[in-house]
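In order, the protein sequences belong to chains V and Y. Its first residue numbered 2, the first sequence is counted upward by one per residue in my numbering. Its first residue numbered 11, the second sequence is counted upward by one per residue in my numbering. In this text, a Cβ means the ideal position worked out from N, Cα and C, and glycines have one as well. Okay, so here's the structure we're looking at.
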Amino acid sequence: MESFTPSTSSAGYTEWQGSLRIGQRRSGHRWRRLLWAMLYPPRSHRIMPTITGVLLIIVSMGIGMAAYNTANNILFITLSLLLSCLVLSGVMSWLNMRRVTWRLQAAGPWRAGQAQTVSLELRNSKMLLPTYGLWFDIAAGKAREVRRHLRIRLDSGMETRMEWPVVPERRGPLTIHLRGVGSLFPFGFLRKTLASELAREVLVWPAPVEYRRHSDGAAWREQSSGGRVNRSGSGDDLLALRRYSPGDSPRLVNWKASARLQHLMVRQFSAEGLEGFTLWVRTDAVRWPRAEQFELALSLAATLAEDLFQMERLQALVIDNEPPLPVRRMRDVETFLDRLALLEPKAIEATAVLPVGAHGEARRRVMVLEPQGSRGVAAMIDGKLAATA
Amino acid sequence: MENSRPQLNLAELTQLRWLLGGLLGLLSAWTVFYMEVDALVALTMLTLSVPVFTLYPRLSKLLPKWAHLLAFPFIVTLFAFDWWQGGEALPAMIRLDLMLLGYRCVAPRGRREDLQLILLSLFAVVVTGVFTVSIIFVIQILLFTACSLGLLLAVTISDSRAGDGGEECSGWERCRWRELARRLREVSDWRVVALGVALFGGVVGLTVVLFLAIPRFEISNSLFIDQLTSSKSLTGFTDNVRFGDVTSIQEDTSMAFAVDVAPESVPSEPYWRMLVLDEYTTEGFRMSQVMSQDFITSSERMTSYLGPRRGDFSGGVWTVFYQPGVSRYLPLLGAFTQITFSEPHTLAQNRELHLARLATDPSKVVGYRIEGMDTSGFIPDRDFALRRAGKEPEETWPMHRHNHNTEEMLPPPTFLDLGVSRPEDIARLAGWVEEIGGRREGGADLARRVGTWLQERHFYSLHSSIPPGLGDPLVRWIASSEPGHCELFAGALVVLARAAGVPARLVTGFKGGAWNPLSGGIRVRNSDAHAWCEVWDDAEESWVRVDPTPGAVLIASTLPAAAGSGMANFTEDNSWAARFDGMRIFWYRRVVSFDSSSQVSLLRTSKDVVQSSAVEARDWLEGRVESLVSWLRAPWSWTRYLSFMSALAFAVSSIVLWRRYGRAWWLGWCSRRAGAGRRDPLRVEAARWLVKVEAATAGTETGRSHSALSQVREDLLRLRFGDRQTWPEPMEVFRTAQRELRKAQRDRRYRQA
């Protein structure tokens with residue numbers, strides 16, 4: 002009857018799924034398929050009697066035995082009525098779930114230890130009947146699944162939204178599963194569950210940490226030579242034109258260039274003021290023998306990257322021996338955070354010299370992370386202590 | 011999009027649950043009224059308390075906690091005491107059920123308690139149904155089902171509301187029922203309600219189908235519930251009938267039994283014999299010990315028994331639905347060949363008296379079919395005739411018949427014992443016999459004269475009395491000019507016949523009945539109860555039925571009645587009571603008596619109906635085709651031509667008008683009724699056209715056709731998604747779309763060519 006094929010759209014939503022996908026039309030032989038599905042439900046469908054249902058079955062069996070034992074037609078009528086009620090329960094349950102569709106939304110950003118909301122949009126595409134009493138089991142990663150009930154009556158043609166707060170415990174990939182959709186509707190005799198493989202993959206960034214900035218150190222105070230810095234920022238001088246990417250302010254769109262090139266172009270201005278830093282994250286296992294310290298280092302790196310970007314002092318990001326990633330927009334920082342989410346200590350020994358960039362330029366003011374004691378992590382700028390966590 | 015209709019909150023749902031639970035408890039408890047169980051106290055308390063607690067739920071909160079803790083042990087203790095005191099399990103269980111129902115209805119309930127309430131109600135309804143086998147059971151079980159399903163639905167919905175820390179349900183007990191009714195009206199959608207009613211109708215239909223289709227096989231076992239209660243005769247006939255007993259039964263107008271029989275088998279005066287009373291005392295008549303011992307009881311419960319009449323199946327088939335509370339003696343017209351019950355019963359037969367009785371008084375309707383029943387009014391008794399002639403009958407008088415008190419062997423009955431001890435009374439009886447003319451030809455002749463003599467001296471009256479004084483009461487009545495009822499007339503004839511040396515006995519049962527045209531059978535009420543007598547006639551070697559009550563045919567006719575002539579004596583009853591009785595008979599005939607043979611019969615009937623319907627349909631179709639062909643082949647005149655063209659023009663113009671105006675009006679009307687948030691048929695129609703237009707637009711990338719289709723597409727998009735205020739004329743847009751699509755199709759064909 003239903004099929005569940007997980008898929009995800011780029012907007013953070015999975016596609017509509019459910020008992021019948023929107024716009025989907027079934028081919029012929031509907032009645033035959035329907036009857037067959039009633040006799041032999043699909044593998045993902047599970048119908049189990051509840052305590053009430055078991056009680057009804059026991060009562061029906063008792064009355065049936067008494068009816069056959071006595072050939073009493075009053076008992077046969079009662080037995081028939083109880084069986085009819087069971088059938089009615091199945092039919093109403095089927096009607097209740099029919100043409101109900103749902104999709105998952107898990108919009109980011111996701112950070113370890115911080116609550117984020119998973120949404121489930123629910124739509125009743127039936128012509129007439131409302132839908133009652135559904136529940137949805139959602140599990141985030143290996144955590145125990147959480148059940149939420151549809152507490153309202155969802156009328157035909159209506160949509161609603163249900164939300165779950167999810168707190169990821171650690172960084173890394175996290176799968177949010179819609180494990181199943183169930184209902185006791187209408188009489189609570191049968192627990193009907195539709196198993197679902199609907200899933201949404203999210204990447205959890207390292208948890209933000211509080212760090213101490215050593216303002217008395219010379220590292221943060223050192224001024225640039227006074228000239229403009231060749232990097233993007235919020236200065237007045239036009240540095241370049243580039244293609245529009247999501248998140249850019251509409252005020253930066255250069256309409257003339259966009260019209261000429263037939264796609265949106267935005268202006269890029271040079272940054273002014275203080276010279277930026279290059280944040281270099283080294284993941285060699287020799288440096289980070291303790292896993293907790295490594296996690297703390299990644300958290301500090303993520304926090305520093307975001308803070309420096311906000312301060313417009315982040316010039317480039319480097320991981321191990323990889324070429325530096327110049328930072329021009331937020332998306333570059335997000336890419337870095339995505340990488341941090343997946344990093345693990347490596348057995349190789351990292352080089353002591355910062356890798357050279359694509360244009361072969363040398364990097365100054367490099368911020369590196371070093372273990373501090375048995376638990377702490379220090380951020381050093383050109384060998385000077387800048388921050389500790 | 012938000013729901014357009016409001017929803018009940020959890021407190022309102024809880025109030026609805028409370029109301030439905032109280033209603034369910036009351037309905038199921040009141041079913042016990044139909045049972046003959048002494049539960050008046052429990053029922054009265056429940057009837058008084060449950061409505062009050064249901065209407066004022068805050069009262070349930072006033073019960074202290076210890077009361078809830080002690081309630082169940084107290085009720086169970088009461089039940090144990092009740093059982094020990096009364097000695098009968100079922101009445102005690104019914105009372106226990108009522109007490110538990112009452113407690114569940116007045117105490118606060120959760121999901122578990124609601125389920126308990128439903129189970130207790132089911133027990134009450136089903137047990138009452140099993141014991142009464144009344145048609146009222148249908149109404150009771152349907153009401154129970156509706157209330158139970160409503161309650162379970164409310165429980166499920168409120169549980170989903172309260173799930174995972176949902177709504178708080180507080181203050182539900184401060185309910186205002188009018189407000190709740192208003193809210194229910196607000197949240198209800200008539201279409202959903204109609205669908206709910208239709209689904210309930212579907213449940214009833216499915217129940218009927220399942221009832222008919224559930225395979226039946228006979229397990230001849232005892233009805234276990236029957237053994238939980240002792241049986242007793244509630245009203246009606248017993249072995250001992252005192253003067254006035256039959257008259258008191260006549261005051262009851264309820265139905266005693268109904269008979270299904272073909273009209274041609276009905277005799278002119280059916281006398282339903284139930285008891286033959288041979289022993290006369292000053293109290294009345296009773297069945298003597300020797301006659302009572304002459305009943306032979308079957309060793310096991312069976313459904314079919316052979317009667318005293320061997321091998322003769324004439325007289326039609328009589329199906330009797332015998333109501334409980336009348337007697338354990340079965341009403342019979344005479345000797346029969348075979349009797350078949352719908353359920354196994356233990357039957358005792360007296361083959362000389364041609365009587366049959368059940369082992370116990372039936373507590374529910376007993377259905378039985380009699381074949382080969384003698385309706386003549388003559389009860390032949392060859393053994394008695396031989397004994398009267400001083401010969402030894404073929405079967406010797408059984409030796410086991412003895413007096414329980416003295417252990418002496420009892421001689422065969424002579425039906426001549428007067429039962430009058432005072433010599434003065436005996437002398438008066440002899441004098442009256444002489445006055446009547448004494449015994450001349452035979453018993454029938456004497457009975458005719460005695461009956462006539464009695465009718466000349468006494469009038470008939472239900473309210474009659476025996477004059478006070480010394481001596482035998484019947485003799486006193488005969489001597490007086492007081493009016494009398496059937497027992498006095500019949501008793502007097504028996505005594506006078508015996509005084510004349512003619513064996514006679516009193517018979518009680520029912521006489522006549524009314525023909526119910528709806529059910530197609532005879533309906534005999536308790537008010538048809540009657541007493542008459544049977545007099546031995548040596549010439550006929552039979553007992554002859556004699557009814558000395560004024561207004562009745564005195565002597566049963568020896569001439570065979572013409573077929574169906576008996577119907578002339580029956581009055582047709584078209585009253586509402588008769589209609590209800592017709593339904594009851596249908597209930598007993600088609601539902602209560604439904605068994606495996608009925609299933610086979612139903613299957614055959616269904617097969618025949620399907621086959622005959624198919625044949626009829628084919629014949630009808632062939633007939634229509636033939637008539638059409640013959641009509642077409644007939645010579646065409648101007649009149650025929652004009653009428654044909656008029657009909658054709660009417661049909662075509664109807665179609666055109668419908669397509670031009672009717673459909674537009676219909677869609678517009680539906681669209682206006684759809685309202686906000688509902689499926690709008692005009693938008694649906696626009697979507698349908700939009701799909702076609704977009705497909706056609708993709709095929710025509712340039713040209714006039716493309717631009718016209720694009721314009722139509724925009725209009726359709728506006729109809730599909732736009733505000734109603736900006737809509738163009740919908741039907742005009744649809745017509746344009748149709749026109750442009752045709753043009754685009756023509757263009758495409760042209761290009762392809």
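Min CB distance residue i to chain V below 9 Å
i                : result
Val143 (chain Y) : yes
Glu196 (chain Y) : no
Val202 (chain Y) : yes
Ile151 (chain Y) : yes
Phe8 (chain Y)   : Shown here, chain Y extends from 11 to 763; a query on residue 8 (chain Y) therefore has no answer.
Leu53 (chain Y)  : no
Ile389 (chain Y) : no
Bridge partner(s) assigned by DSSP for residue i
i                : result
His178 (chain V) : V:Ala140, V:Ala200
Cys543 (chain Y) : Y:Leu516, Y:Val556
Thr41 (chain Y)  : Beta-bridge pairing links Thr41 (chain Y) to no other residue.
Glu123 (chain Y) : DSSP, once it has assigned bridges, lists no residue as partnering Glu123 (chain Y).
Gln373 (chain V) : V:Gly377
Glu160 (chain V) : V:Arg124
Residue i, buried or exposed, once every other Cβ within 10 Å from all chains shown has been counted against 16
i                : result
Ile565 (chain Y) : buried
Ala141 (chain V) : buried
Pro740 (chain Y) : buried
Leu30 (chain Y)  : buried
Asn584 (chain Y) : exposed
Asp427 (chain Y) : exposed
Met284 (chain Y) : buried
His540 (chain Y) : buried
Ala659 (chain Y) : exposed
Ile382 (chain V) : buried
Ser491 (chain Y) : exposed
Gln333 (chain Y) : buried
Asp629 (chain Y) : exposed
Neighbour flag for residue i against chain Y, beta carbons, 9 Å
i                : result
Ala144 (chain V) : no
Ile23 (chain V)  : Confidence in Ile23 (chain V) is poor, its pLDDT being 39 and thus under 50, which makes the residue's placement unreliable; the coordinate value appears in the next sentence. So no, Ile23 (chain V) is outside the interface.
Gln189 (chain V) : Note that residue 189 (chain V) is Gly in the sequence shown, not Gln. So yes, Gly189 (chain V) belongs to the interface.
Gly227 (chain V) : Note on Gly227 (chain V): pLDDT 42, under 50, position unreliable in the model; the coordinate value appears next. It does not; no Cβ of chain Y falls within 9 Å.
Met62 (chain V)  : no
Gly181 (chain V) : no
Beta-carbon spacing of residue i, residue j below 9 Å
i                : j                : result
Val182 (chain V) : Val119 (chain V) : no
Val143 (chain Y) : Val375 (chain Y) : yes
Thr71 (chain V)  : Glu353 (chain Y) : yes
Arg533 (chain Y) : Gly523 (chain Y) : yes
Gln17 (chain Y)  : Val197 (chain Y) : yes
Trp546 (chain Y) : Val504 (chain Y) : no
Gln115 (chain V) : Pro174 (chain V) : no
Gln316 (chain V) : Phe278 (chain V) : yes
Simplified DSSP assignment, three categories, for residue i
i                : result
Gln269 (chain V) : strand
Gln117 (chain V) : strand
Tyr332 (chain Y) : strand
Phe305 (chain Y) : coil
Ile167 (chain Y) : helix
Thr292 (chain Y) : coil
Phe346 (chain Y) : coil
Asn526 (chain Y) : strand
Ser352 (chain Y) : strand
Glu582 (chain Y) : strand
Listed from N- to C-terminal order along the chain, which residues in the region 352 to 365 of chain Y have their beta-carbon within a distance smaller than 9 Å of any beta-carbon of chain C?
Protein chains V and Y are contained in the structure displayed, whereas chain C is not.
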